[in-house]
Structure formats: structure tokens, C-alpha cells
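Novice: These protein sequences, in sequence, are chains A and B. With positions in the first sequence counted from 1, the corresponding number in the working numbering is that position plus 314. With positions in the second sequence counted from 1, the corresponding number in the working numbering is that position plus 34. All C-beta atoms in this analysis are idealised placements derived from N, C-alpha and C, irrespective of residue type, glycine included. Computed from a predicted structure; not experimentally measured. Pasting in a structure now, in C-alpha cells, and then I'll have a few things to ask.
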Amino acid sequence: MAIITISRGSFSMGKSVAEKVAEKLNYGIISREVLLDASNHYNIPEIKLEKAIHDAPGILERYSHKKQEYISYIRSALVDKVVNDNIIYHGLAGHLLLKGISHVLKVRITANMESRISYVMKRDGISAHDAHALILENDNQRRKWTHSLYGQDPWDSSLYDLTIRIDKLSIDDAVNFICQTAKTDGFTTTEKSLQKIKDMALACHVKAALVHDFPDIGVTSEYGNVLIYLKPKDHVTSKLSKRLDEIRHRKGTIYNLEVHAGIPIPEDAV
Amino acid sequence: MPLIILSSNSKEEEKEIAKKLLQVKGYGGVDPGILSEVEAKYHIDTGKLAETLEQTPSFFEKMMSGKWQYRLACIEAEVIERLMKDNTVCWGLAAHLYVVGISHALKVRIIHANQTRIENIVEQQGIPVQRAQKWLDTENQRRKKWSLAAFNRDETDPSEYDLVINLDQIDLNEAVLTINGAASYRKFQPITYSMKSLSDLALSAKVRTTLLKSMQDIRVQTIDGTVLVFTKAFKQKKIEKIKEIKDLAGKIEGVRGVEVHVTNNLFGDISGNANS
Chain A
315 MAIITISRGS
325 FSMGKSVAEK
335 VAEKLNYGII
345 SREVLLDASN
355 HYNIPEIKLE
365 KAIHDAPGIL
375 ERYSHKKQEY
385 ISYIRSALVD
395 KVVNDNIIYH
405 GLAGHLLLKG
415 ISHVLKVRIT
425 ANMESRISYV
435 MKRDGISAHD
445 AHALILENDN
455 QRRKWTHSLY
465 GQDPWDSSLY
475 DLTIRIDKLS
485 IDDAVNFICQ
495 TAKTDGFTTT
505 EKSLQKIKDM
515 ALACHVKAAL
525 VHDFPDIGVT
535 SEYGNVLIYL
545 KPKDHVTSKL
555 SKRLDEIRHR
565 KGTIYNLEVH
575 AGIPIPEDAV
Chain B
35 MPLIILSSNS
45 KEEEKEIAKK
55 LLQVKGYGGV
65 DPGILSEVEA
75 KYHIDTGKLA
85 ETLEQTPSFF
95 EKMMSGKWQY
105 RLACIEAEVI
115 ERLMKDNTVC
125 WGLAAHLYVV
135 GISHALKVRI
145 IHANQTRIEN
155 IVEQQGIPVQ
165 RAQKWLDTEN
175 QRRKKWSLAA
185 FNRDETDPSE
195 YDLVINLDQI
205 DLNEAVLTIN
215 GAASYRKFQP
225 ITYSMKSLSD
235 LALSAKVRTT
245 LLKSMQDIRV
255 QTIDGTVLVF
265 TKAFKQKKIE
275 KIKEIKDLAG
285 KIEGVRGVEV
295 HVTNNLFGDI
305 SGNANS
């Protein structure tokens, strides 16, 4: 079976699609729960996490690394939630946070501007002009967020396996396509892909434990062998060594933990 | 009788999917092979037509010569005429950019992620990753620029399509099944209104082709056989241009009436003079 991420432009009926897919496949469904888990586990107010994953970083935030820190917590909570499979995540940035796992079906739902405007007008009781402005502002925030943190455009369809426009195709049509695709061989959970997501979960835990003090590190894991990558000019300080010892003791699933400095951080590092 | 229009950043797979759809559905295909018939009808070399679908002229070339727009219009007119005939799968002719507002047209884009394309380029051409990346960036920009210049639409924008399928993990045969399934939905069955819209689109294309042969900067819209032409002209030549357009468009079969809307444009006129 599979993990399905459903990304959408604001007010594009992605939530309805996600709920119907979950019902049809009998999958679990999550969205905000990830923020709640991260909030509880890392003791950060949920509002701050929500802001981190929704709003583009301001100029000062780009230097403070706070946003990256919060996103590391959210990512860790998300991977923990989906690691056991058969689940749909329709919150923000799932396609980026779970990148590289072959049994993750990444779906993007779009809708034409007219129907988005009409939805917002009805929901908020505002004029077409105001609804249009609100949608553009939301879209713009998503664009800036994705671009500033991942250097990518959320509207780039090559980030997704399937992009469906709800217009001539209905919500039910979209649900059918997604369910049909999720059952194909390409998205079947294999031993290898399952191991990969378990490794990702471990790497995310390690990163989340270190990110507050060491925001620039990258972490990978392969079968429990964890590699920590430092930026070229950084060195293994006594503070880092101490923290790594703590992590080794706390995480029984780590077989080996190594630190690499001076080599580029791999693309699949979290 | 739905109409399936394919677009892709992977031409070989687009063609393969189209061929499979033709087999499954028993449809007719409209593909770049029709360029030879455009050549016969409009006396434009097939090579030049194929080049028109790929290359964007410079701003100066576009301003000084309407030939590129004319060649595009000829292709458009021929394609739309064929799309009216029967169940059709159309690919390789940019129809997704000019067949607009037709409810029974299912538009699908077939893609591969940039990373996969880079890996393929590295393997096929034996060049370093960075060079492949640079080449791909240029190629993506070139296609975007072309579609915007030709039809004022960005072909990389997913909202132009009903479905975008990434073949990195979705098997090509699965993609065929998905497209086939979508095409059988009720929304993609032609209705009187959508057929009339297509017929109006075909007439607009015919009129535009006729007008662009001798003038530039022409936009055409058809409503129930009444043709609205929007253009620009030098003040003193306004009346003359309106008459010329009405004469030319009025002779085309199916045109019930012609309305011409002219706005003043000094630059348009200068380029028009240079072209005449």
C-alpha cells in the first residue's frame, strides 16, 4: 500500500479529495495533527509551528534559522506519523518533507480561479475582489515559502506524480484517479522503501535533537548508521560531541554515528 | 466523441501514449504528419512549419515580419478543422495552447521530473551533470518563452491541463488507462454547445489565417458565425483597413457577419508599413 500526500492551491478542494480517498481506501488521514504532535513533543507553541510552515520567512528569520528549526520538528513528527503506511497527509509541504520515498504518491489538486473565488466569497461572505486578493496572497506566501526553503516552485508539476484540476474533472473523478494510481506497482511499499522511511524517521529525530544548536547540519541514515554532515568550515566542538553521546544513549536504534566535516551535504540529507 | 489533447516535455513518450490511445479507443490521430498538408494548402515548407513550432523569433523579427504568426495560424487552422471531424487524439502540434474553452477537450500533460531528465541527458549525451542541468534550464525556458510568444499561454503551467501525469513512477500503460478512463467521463462528451464553440474556433482560425497573410496584429473571436476582428492601425488608414478586413473575412465560408474593432497604434503601423 502507499502513503499519499495531497497538496493543493488554497481553496482548491484538496481537503474534500483527501477525505474521500481516505474513506475509499480505508486509510488514515492527517493534517494538523502533525503540528500538534510536534508542538507537544518539542514544546513549541502550535501557532509558531503553523506560522513556520505557512508563511514565507522574513528577512530576519532567514538569518535566525528559527523557521528551519521548526520545520525540522514538523518533519520529524510527520515522518513518525506516516512511517507505518496506509495514510494520507493533506497538510502543507508533504511532497517536500517526504521526498525520496518511492511509496509516497504525491498529488497536487488545483482548481480554476473562478471556482476558488466563488468558494471564498461563499465561505467568508466577502466580495469577489477581496476573495481574489486573499487567494493571490495565500498563493504568493506558498510560493515564497517553498522557494526560500527548498528553492522550488509549488506550482511546478514535476514535484508531483499526479496533478489534477478540479473543473471538468470532479472531486469524485480525482478520488478515482488517486485510488487507482495508489494501487499500482510504482507505489507499492517494498522492503527497501520501508527501510528508507524508517531511516528517514531516524535521521529526522537526530536532526530535530540537534537543530536548535546546530542549524546548518545535514543528517542521513542507512540501516541505522547515522551520518552527520557539517558545513565545510565547521568543526566538531565539545558541545556537539556531548550532544551526540546523549543521542547515542537515548536512541537505541542507532548502530553507528559518524560526523563528516568538509564534504558537501548529500541531497537526501534531512 | 471526446477529444484528447496531449502535451509533454518528453516527445517520445507523448507519441507512444498517443499511439496506445489510438489503439485502445480506435480514434483518429492528428500529429505533426499533417504539416505536409499545411504545406500543400498554404505553400509553406514543412521544415519551416516544424521550425515555427519550436523557435521563437526575436522581438525585432516579430515586429518587422508577421510571417511567424502567419505560419502558426496556418497550423492552427488546419489542426482545428481536423479536430472537428471525429474522435481524435492530438499531439505534437501545440493544440493545448489554442484549443481553449472546448468542454469536450481533455488536456493532458505528460512529464518527467527535471532530475530524471538530467539523468537521461547525462546517460545519452555523456556530458557532466552541471552541463546537463544548464542545458535543461535553457530548454525549459525556451519552451516557456515560445508558448508565451505564440499563444500568450505558459505551457508549463499545470492549470492549463485537466491532468498532469509524471511518468517517473507511473507506468506508461497506467497513464494510458488513466487518460482513457478520464476521456470516457460524461463531462468530456461533446454537446451541441461545445461543438458549436469548436466550430466558432475553427472559423476564427480560418479568418485569422486569411487576414494575417497580408496584415499583422490580428485577434479574432467568433460568436455564432459573427466574426469580431480586433486590430491596430494608423489613424489615417483606419477606414481603409476596416474595409479590407471586411472584404477578406466576408468571403470566407461560414462567416455571417464581420465586426472590426481598430485601435490606434503608431508602432504597429510602422511595422505594418515596413512589411508592405
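1) Just curious, the beta strand (DSSP E) that residue 536/A is in, first and last residue?
2) Under 8 Å between C-beta atoms, does residue 426/A make it to chain B?
3) Which residue wins for smallest C-alpha separation from residue 80/B, given the options 69/B, 193/B, 197/B, 162/B?
4) Leaving aside the five residues before and after residue 199/B along the sequence, list all residues of the same chain whose C-beta is less than 6 Å from its C-beta, in chain order.
5) Since I believe residue 255/B is in contact with residue 19/B (beta carbons under 8 Å), could you give me their beta-carbon distance rounded to a whole number of angstroms?
6) Which residues of the region 466-479 of chain A have a Cβ closer than 7 Å to any Cβ of chain B? Give them in chain order.
7) Between which two residues does the beta strand (DSSP E) harbouring residue 575/A extend?
8) To the nearest angstrom, how far is the alpha carbon of residue 399/A from that of residue 318/A?
9) Mind checking if residue 167/B is an interface residue toward chain A, Cβ cutoff 8 Å exclusive?
10) Between the alpha carbons of residue 535/A and residue 578/A, how many angstroms are there, rounded?
11) Decide yes or no for the touch test of the region 127-134 of chain B against the region 158-174 of chain B: beta carbon pairs closer than 8 Å, at least 3 of them.
12) For residue 232/B, which residues from the same chain have a beta carbon less than 6 Å from its beta carbon, with the 5 sequence-adjacent residues on both sides left out?
13) What do you get for residue 325/A, buried or exposed, if any count of 16 or more other CB atoms within 10 angstroms of its CB means buried?
14) Note the first and the last residue of the continuous beta strand (DSSP E) segment covering residue 295/B.
15) So if DSSP puts residue 57/B in a beta bridge, which residue, or which two residues, is it bridged to?
16) Which of the three DSSP states, helix, strand or coil, is assigned to residue 408/A?
17) Identify, in the order they occur along the chain, each residue of the same chain with its Cβ nearer than 6 Å to the Cβ of residue 213/B, setting aside the five sequence neighbours on each side.
18) What does residue 499/A reach in chain B if we use C-beta pairs closer than 8 Å?
19) Let me know if residue 138/B comes out buried or exposed under the rule of 16 or more other beta-carbons within 10 Å of its beta-carbon.
20) Is there contact here, the region 320-335 of chain A with the region 416-426 of chain A, by at least three beta-carbon pairs under 8 Å?
21) Measure the C-alpha to C-alpha separation of residue 191/B and residue 496/A and round it to an integer number of angstroms.
22) Which partner residues of residue 154/B appear in the DSSP bridge assignment?
23) My understanding is that residue 395/A touches residue 348/A, with C-beta atoms under 8 Å, so please give their C-beta distance in whole angstroms.
24) Among 413/A, 458/A, 445/A, 584/A, which one has its Cα closest to the Cα of residue 366/A?
25) If the cut-off is 8 Å on Cβ atoms, which residues from the region 391-418 of chain A count as contacting chain B, listed in chain order?
26) Closest to residue 107/B by CA distance: which of 185/B, 178/B, 45/B, 146/B is it?
27) Please state the DSSP three-state secondary structure of residue 187/B.
Specialist: According to the structure shown:
1) 532-536
2) yes
3) 69/B
4) 144, 209
5) Lying before the first or after the last residue shown, residue 19/B is absent from chain B, which here runs from 35 to 310.
6) 469, 471, 472, 474, 475, 476, 477, 478, 479
7) 570-575
8) 9 Å
9) no
10) 16 Å
11) no
12) 118, 136
13) buried
14) 291-298
15) Answer is none; residue 57/B lacks a bridge partner.
16) helix
17) 142
18) 205
19) buried
20) yes
21) 24 Å
22) None; residue 154/B has no bridge partner.
23) 6 Å
24) 458/A
25) 416
26) 185/B
27) coil
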